[in-house]
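Peer 1: I have a structure I would like to understand better, so I am pasting it below and will then ask my questions one at a time.
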Amino acid sequence: MNRTFTALLAAAALGATAAHAQVTVGVTLGATGPGASLGIHYKNAFQLMPNTLGGQPVKFIILEDGSDATNAGKNARKLITEDKVDVVMGSNGVPSSLQIAQVAFETKTPYLCLTPISLPPERYHWTFIVPQPTELMMGAVAEHMKANGVKTVGFIGFSDAWGDLMYKATEHWAASHGYKVVTNERYARADTSVTGQVLKILAANPDAVVVGGSGTGGALPHVALVERGYKGRIYHNHGTVNREFIKVGGKNVEGAIAPTGPLMVPEDLPDSHPSKAVSLDFTRRYEQAFGAGSRNAFGGYSHDAVRILGAAIPEAVKKAKPGTPEFRAALRDALENVKNVIGAHGVYNITPQNHNGQDERSRVLVQVRNGEWRLMK
Amino acid sequence: MSADIVAWLVQDGITNGAIYALLALALLLVFAVTRVIFVPQGEYVTFAALSLSLLEAGRMPGTVWILVFGGLAAAAVEAAAALRARAFAALPRIGLLYLALPAAVALLVGWAAPRQPAQWVQVLLVLAMVVPMGPILYRVAYQPLASASVLVLFIVSMAVHYVLVGLSLVFFGGEGLRARPIAEAKFRLGVVEVTAQSLWVLAASVVLIFLLWLLFERSIYGKALRATAMNRVGARLVGIPTALTGYLSFTLASLIGAVSGILIAPITTLYYDTGFLIGLKGFVGAILGGMASYPLAAVGAVAVGLLEAFSSFWASTYKETIVFAVLIPVLIWLSLRSRHVEEEEERE
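From first to last, the protein sequence lines stand for chains A and B.
Each number in the numbering used here comes from the position in the first sequence (counting from 1) with 1112 added on.
Each number in the numbering used here comes from the position in the second sequence (counting from 1) with 7 added on.
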């Protein structure tokens, strides 16, 4: 279906001369394959995007990469060389996003990355990271642990890049927040049991446990820990905050704490929070289209990427016409200098040194209370 | 590592191993009778488990559409064959078996799902949805190629696997689901707390294995299956219809898969693609047992479960690596021991 869609768009682009003034956005996402549970949400959000950005007509070309890094790279290359897109966005998954960053670097195309990845400093030139850095998010967890006198932390996470990122972020704050990470256990999303890992954590008897899973995958170790009688606090990460997690975990995950973006709990935010209005508007529109309770962080990243782009386009069109290498360079420069872009996930102030540009306003701590994620006050 | 940790790990390993053992038996049965390496065996587990979770939530699982449209495809294949042979008398039977029956199941599920019936009714509904997938798959995908080489049949299996995983994503979505346990009770056994659910898993596995043994040893159908497994040509010469044994083995495989799925659904979070990995571990178990003997396959599968439990304690990062790496020495040993068997296979 996507291919026909693309073909139609390509035909339209060839036929119409008006396409010159149009900004073309190339997106590659994996709504199938192992990352499907995230990719579906990222993709859904693109159905809610506006037709114009920064006063310019905009066209989205969305390709499917099946959560496969090689496909994501191929898609990015195809979008840039064949469809002549001005900017690429994607994908759900660290390996895929690394591939796209490589292609963006080679082809000198601005890239709004929808996954928290980290790159060597010189490779950030064309890449902008939309989601909060994992260190920023897990910093909120570290502060909460420090405030509650946690000295030892057990870690259990996915045996993939996400698990590694979460472990690194947990380690990152250990010295400054006075705790020690005592276990580094790993499991796979498809595992039928985590008994071995949980027994090892119980043997180490840490004050708190950090789970580096995502979505419903975070529930398995939490349930196993509770069933084996673990009494300490169990922390999760921003990848875990959705309704399905509670559905799967039931009563056992009551009390789970996780950092997330403001858009998961806009109703609970104080009116002074800068993102409140934007988050409320986006979650409302998203839930109208995809069902009550369908809100999620991932659709918010797609939303914010498009908002950042919208803030940069007016500057870029002053310098060059969309569809040209000059426009891509101008767009990159403009993206690097956007100020106070209010997204559903907080406020973005991008600088040449910081290609994410978020601060503490982009994170809140939430807790499962009575089967709902609620803001911790 | 203290004794109670060992006891916990053994309990965990045996519970998982029992599921792998069931799947190993199903894989072995299908392979022995039809020479199909049945990669999609794990998909039955997924479909059964996730259908059960959806029924609990009062929603109609998409599994019924596989049944209805698979039945349509099978009916088309059958009807074409019957018309070519001018065997018009067979048509009503085809219509009843492949059209009316799946439609009836679909209607029943559609009617019952929003009413959230008792759990045992849900289990029966799941069995009614998943078990007929076996013969339908056999009719549509495998029977037309029944005499093809093992490699061709394996490629067909991969295709069927991809089709089923794709449908599974459409029907159940990307997020995981978990069903309510059949029994919530817990028992203390020394230092170890045993959940009633894991006892259910063990009991059901043992009963199923015993029933399979009865079938093979005591019934004419089981003997036909064994004869086909030993020698297809010989079995045909003494009048055993090999298509029938194919149907029978696929039905048993889907039954075993569905039961495994129902048993495992409350223990863990299952995703649309989890079944493949569970099936694969059953397959490793079957290979550990030499891909020839049922008791050895069951022992091999339990060994896989135990190995998994202990490696997840000692080196959780390398758990999968350890489990699948065990295959290499076993395969080397098997290939040194029984090379001539495969050559026979090729010539057939």
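C-beta atoms are modelled at their ideal positions from N, C-alpha and C, and glycine is treated no differently.
Please name the residues in the region 320–335 of chain B whose beta-carbon is closer than 7 Å to at least one beta-carbon of chain A, in chain order.
Peer 2: Residues 320, 323, 324, 327.
Peer 1: Name the chain A residues that come within less than 8 Å of residue 271/B, Cβ to Cβ?
Peer 2: Neighbours of residue 271/B on chain A, chain order: 1304.
Peer 1: Which full runs of the beta strand (DSSP E) of 3+ residues lie inside the region 180–228 of chain B, going along the chain?
Peer 2: With a minimum length of 3 residues, the continuous beta strand (DSSP E) runs that stay inside the region 180–228 of chain B are 193–196, 199–202.
Peer 1: Per DSSP, what kind of secondary structure is residue 339/B in: helix, strand or coil?
Peer 2: Reduced to three states, the DSSP call for residue 339/B is helix.
Peer 1: Which residues of chain A have a Cβ atom closer than 7 Å to the Cβ of residue 181/B, listed in chain order?
Peer 2: Correct list: 1148, 1149, 1152.
Peer 1: Mind listing the chain A neighbours of residue 317/B? Cutoff is C-beta to C-beta under 9 Å, in chain order.
Peer 2: The answer, in chain order, is 1308.
Peer 1: Going by DSSP, which residues form a beta bridge with residue 1299/A?
Peer 2: Answer is 1270/A, bridged to residue 1299/A.
Peer 1: Is it buried or exposed, residue 1371/A, if we count other Cβ atoms within 10 angstroms and call 16 or more buried?
Peer 2: When all chains shown are included, residue 1371/A counts as buried.
Peer 1: What is the C-beta distance between residue 1313/A and residue 1479/A, in whole angstroms, given that I count them as a contact (C-beta under 8 Å)?
Peer 2: Incorrect: roughly 21 Å between the Cβ atoms, too far for contact.
Peer 1: Starting from residue 15/B, find everything on chain A with Cβ-Cβ shorter than 8 Å and list it in chain order.
Peer 2: Ordered by position in chain A, the residues that pass the 8 Å Cβ test against residue 15/B are 1307, 1311.
Peer 1: How would you list, in chain order, the residues of chain A whose beta-carbon sits under 7 Å from the beta-carbon of residue 23/B?
Peer 2: Result: 1304, 1305.
Peer 1: Rounded to whole angstroms, what is the Cα-Cα separation between residue 1493/A and residue 313/B?
Peer 2: Residue 1493/A lies beyond the stretch modelled for chain A, which goes from 1113 to 1489, so this question has no answer here.
Peer 1: If contacts are defined as beta-carbon pairs under 8 Å, then residue 260/B and residue 104/B qualify, I think. What distance do you get, rounded to the angstrom?
Peer 2: That pair is no contact at about 19 Å.
Peer 1: Checking contacts by CB at 9 Å: is residue 1123/A closer than that to chain B?
Peer 2: Low confidence applies here, because residue 1123/A scores a pLDDT of 48, under 50, leaving its location unreliable and the question unanswered by this model.
Peer 1: Compute the distance between the beta-carbons of residue 1330/A and residue 1352/A, then report whether it is under 9 Å.
Peer 2: Closer than 9 Å, so yes.
Peer 1: From residue 1390/A to residue 1412/A, what does the alpha carbon distance come to, in whole angstroms?
Peer 2: About 10 Å.
Peer 1: Give the list of continuous beta strand (DSSP E) stretches no shorter than 3 residues that lie fully inside the region 1419–1471 of chain A.
Peer 2: Whole beta strand (DSSP E) segments, 3+ residues: 1453–1455, 1458–1460.
Peer 1: Within 10 angstroms of the Cβ of residue 238/B, are there 16 or more other Cβ atoms? Answer buried if so, exposed if not.
Peer 2: Exposed.
Peer 1: Going by other Cβ atoms of all chains shown within 10 Å of its Cβ, with 16 needed for buried, is residue 1485/A buried or exposed?
Peer 2: Classification of residue 1485/A: buried, given that the 10 Å Cβ count is 16 or more.
Peer 1: Mind checking whether residue 217/B and residue 69/B have CB atoms under 9 Å apart?
Peer 2: Contact flag unset, no.
Peer 1: Give me, in chain order, the residues of the same chain whose beta-carbon lies closer than 8 Å to that of residue 389/B; leave out the 5 immediate sequence neighbours on both sides.
Peer 2: For chain B, the structure presents residues 8 to 355; residue 389/B sits outside this window and is missing.
Peer 1: How many whole angstroms separate the CB atoms of residue 133/B and residue 59/B, which I take to be in contact at a CB cut-off of 8 Å?
Peer 2: Contact holds; Cβ gap of about 5 Å.
Peer 1: Label residue 15/B either buried or exposed according to how many other C-beta atoms from any shown protein chain fall within 10 Å of its C-beta, with 16 as the threshold for buried.
Peer 2: It counts as buried.
Peer 1: Go ahead and label residue 1164/A buried or exposed: buried means 16 or more other beta carbons lie within 10 angstroms of its beta carbon, across all protein chains shown.
Peer 2: Counting Cβ neighbours within 10 Å, residue 1164/A comes out exposed, since fewer than 16 surround it.
Peer 1: Whole angstroms are fine: how far does the CA of residue 1419/A sit from the CA of residue 285/B?
Peer 2: Distance between the alpha carbons of residue 285/B and residue 1419/A: 43 Å.
Peer 1: So, does the region 1183–1191 of chain A touch the region 1149–1162 of chain A, judging by three or more C-beta pairs under 8 Å?
Peer 2: Judged by Cβ distances under 8 Å, the region 1183–1191 of chain A makes no contact with the region 1149–1162 of chain A, as fewer than three pairs qualify.
Peer 1: Out of 1202/A, 1238/A, 1134/A, which has the shortest C-alpha to C-alpha gap to residue 1196/A?
Peer 2: Taking only the C-alpha atoms, the option nearest residue 1196/A is 1134/A.
Peer 1: How many Å lie between residue 1421/A and residue 1460/A at the Cα?
Peer 2: The alpha-carbon atoms of residue 1421/A and residue 1460/A are separated by roughly 11 Å.
Peer 1: Near residue 154/B, what residues of its chain come up, given a Cβ to Cβ distance below 6 Å and the 5 sequence neighbours on each side ignored?
Peer 2: Closer than 6 Å at Cβ, skipping near neighbours: no residue.
Peer 1: Taking the C-alpha atoms as reference points, what is the distance between residue 1130/A and residue 1170/A?
Peer 2: Low confidence applies here, because residue 1130/A scores a pLDDT of 42, under 50, leaving its location unreliable; read the following figure in that light. The alpha-carbon atoms of residue 1130/A and residue 1170/A are separated by roughly 12 Å.
Peer 1: For residue 288/B versus residue 30/B, is the C-beta spacing smaller than 9 Å?
Peer 2: Yes, these two residues count as a Cβ contact at 9 Å.
Peer 1: Looking at the secondary structure, which residues open and close the beta strand (DSSP E) in which residue 1402/A lies?
Peer 2: Looking at the DSSP string, residue 1402/A is not in any beta strand (DSSP E); the run it does join, the alpha helix (DSSP H), is 1388–1402.
Peer 1: Where residue 376/B and residue 1450/A are concerned, what is the direct C-alpha to C-alpha distance, given to the nearest angstrom?
Peer 2: For residue 376/B there is no data in the structure shown, the boundaries of chain B being 8 and 355.
Peer 1: Going by Cα to Cα distance, which pick from 1473/A, 1398/A, 1231/A is closest to residue 1382/A?
Peer 2: Of 1473/A, 1398/A, 1231/A, the residue nearest in Cα terms is 1473/A.
Peer 1: Can you pull out the residues from the region 1263–1280 of chain A whose beta carbon lies closer than 7 Å to at least one beta carbon of chain B?
Peer 2: Cβ contacts with chain B: 1271.
Peer 1: Mind checking if residue 173/B is an interface residue toward chain A, Cβ cutoff 9 Å exclusive?
Peer 2: Yes, its Cβ sits closer than 9 Å to a Cβ of chain A.
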